[in-house]
Structures are given as C-alpha cells and as structure tokens.
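Asks:
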Amino acid sequence: LLLLTGLLAATPAFALEGVRSEAALQGRFELGPRLTHLRLRNEAGDELGLGGIGLYLRYRLSRRFGVEGTLDAVMADELAPEAPGEVERFATPMTLSVLFYFFPDSDLQVYLVAGGGTAAHQVDYDALGQRLTYESPLAQFGVGAQLRLEDIRLDLSLRSLAMVTARKSVTTQVIDASAGGATYGVRQPDDRLEGAMMTLGVNWGW
1077 LLLLTGLLAA TPAFALEGVR SEAALQGRFE LGPRLTHLRL RNEAGDELGL GGIGLYLRYR
1137 LSRRFGVEGT LDAVMADELA PEAPGEVERF ATPMTLSVLF YFFPDSDLQV YLVAGGGTAA
1197 HQVDYDALGQ RLTYESPLAQ FGVGAQLRLE DIRLDLSLRS LAMVTARKSV TTQVIDASAG
1257 GATYGVRQPD DRLEGAMMTL GVNWGW
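With the working numbering applied, the sequence shown covers 1077 to 1282.
#1: Ala1120 by DSSP, collapsed to three states: which one?
#2: Does the segment 1120-1132 come within contact of the segment 1142-1152, defined as at least 3 CB pairs closer than 8 Å?
#3: Considering Cα atoms alone, identify which of Asp1181, Ala1167, Leu1114, Arg1235 is closest to Phe1141.
#4: Of the choices Gly1108, Glu1270, Leu1137, whose alpha-carbon is the least far from that of Tyr1177?
#5: List the whole-angstrom C-beta distance separating Leu1237 from Met1273, where the pair is believed to meet the contact cut-off of C-beta under 8 Å.
#6: Within a Cβ cutoff of 7 Å, which residues of the same chain sit near Ala1089, ignoring the five residues on either side of it in sequence?
#7: Strictly by DSSP, which residues pair up with Arg1104?
#8: Using the rule of at least 16 other Cβ atoms within 10 Å of the residue's Cβ for burial, across every protein chain shown, is Pro1213 buried or exposed?
#9: Tell me which same chain residues have a C-beta within less than 6 Å of the C-beta of Asp1200, skipping the five on either side of it?
#10: Considering just the uninterrupted stretch of the beta strand (DSSP E) at Ser1233, what are its terminal residues?
#11: Any idea if Val1189 is buried or exposed, counting beta-carbon neighbours within 10 angstroms, 16 or more meaning buried?
#12: Tell me whether Arg1268 is buried or exposed, calling it buried when 16 or more other Cβ atoms sit within 10 Å of its Cβ.
#13: When you compare only the Cα positions, how much space is there between Glu1162 and Glu1154?
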C-alpha cells in the first residue's frame, strides 16, 4: 500500500513525458505472467495464505478504459483440526474485469480494477486419502500501478475479494476408514470467504 501511494505521488512528474494519442493506446493488447499472494478469511475469522503464479491478458478499449482476463493457481499446506495430518489446499481464481486508468498519457499508469469470476477449490486430506472440491463465484475490486518501459510493463496491484460458496458442488466425504479411525463426516466449505490479493507481474504489449 505504501508503494502504491508513493507511485501515485510520483505520477504527475511522469505525466509530462511520453504523451500518447488515442489511436496509439486504443486496441492494444498486453499479456504476461505474475506472482500472486491470496489471503482468505472465513466466517469464523480464520485466515489462510496461499501463494502461486498467474497469467493475465488486457485489452485497451480507449485511453481510459480497458478489460482484463486473469487465471491464477495458488496453494497452501497446513495442519488442520478437521483431519489428521497435512491438508493441501489449491485454488484457481478466474476473473474478467474492467480497468479505469487515471493518467492514460503517462508512463506510470495508476488504475482501478473491478469485476467478477469464479474460483475452483480443491482440499486434499493426505492422511485420509480424501478430497473435497467446490466452487466459489467471486467479486473483486482494487487499485494498481503499471510502469511502462518501452514494450515491457511492470505491474503491481492490490485487490479485495469476496466469494460465495456453491455448496451443490461439494462431492466428497472426509472419513477415516482405517482401523480405529474417527469419522469426520461431510466437510462443508464456508458459505462466504473474504480475501485480499496482491499481484506483481510483467507483461508485453503489442
């Protein structure tokens, strides 16, 4: 957040350079990889951090507006109370969002991003040999900054996410079938998940 604030404060100086016309900006594509950190919080207040990589594609509709499609894959290992042993969690958020650029003619662009999508979740209970899968429709809103270096762009964003669980997609019971094992019953995901996502990426435009 402090980094984004500093970039925003420096933007007027950059805005004096590299002025681009409407024709030069409109119709441009940007594609690149990114590092993603996602921190989720459930209804009970428990938090879990997941890390991974992603890919994003952007298209410039005009000087100030664009669209963005993203796909990320993040994971975390933890020791959870609902089952013995290690629990591995995977999530693959996919989103489609609208971008608004505050300083479209600057080499340092600050933008708002808002949109929605879905996230597929997979929880593996290693000691039980069981797996739980479900999906979560999601909405996101955030702010980002992009520094242009010729055709290469460095990008940083902070986003707030809200997810609602699609319970009908729960497919697996978590039961310890070993001798003397306990029955853990059917594991249901939380009705709602909230989270914060930080992304750091590099992309190429054409």
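Beta carbons are placed, not taken as given, at the ideal position from N, Cα and C, and that holds for glycine.
Replies: So, from the data block:
#1: Coil at Ala1120, not helix or strand.
#2: In the pairwise beta carbon analysis, the segment 1120-1132 is classified as touching the segment 1142-1152: at least three pairs are separated by under 8 Å.
#3: The residue with the shortest Cα to Cα distance from Phe1141 is Asp1181.
#4: That would be Leu1137, whose Cα lies nearest to the Cα of Tyr1177.
#5: Taking the Cβ atoms as the reference, Leu1237 lies roughly 6 Å from Met1273, within the contact range of under 8 Å.
#6: With a pLDDT of 41 at Ala1089, under the threshold of 50, the modelled position of this residue cannot be trusted; read the value that follows with caution. Within the same chain, Ala1089 has no close Cβ partners at all.
#7: BP columns for Arg1104 are empty, so no partner.
#8: By the Cβ-count criterion, Pro1213 is exposed, with fewer than 16 other Cβ atoms from all chains shown falling within 10 Å of its own Cβ.
#9: Excluding residues up to 5 positions away in sequence, Glu1164, Arg1207 lie with their Cβ nearer than 6 Å to the Cβ of Asp1200 in the same chain.
#10: Residues 1228-1240.
#11: Counting Cβ neighbours within 10 Å, Val1189 comes out buried, since at least 16 surround it.
#12: Residue environment analysis places Arg1268 among the exposed positions, since fewer than 16 neighbouring C-beta atoms fall within 10 angstroms of its C-beta.
#13: Distance between the alpha carbons of Glu1162 and Glu1154 is about 6 Å.
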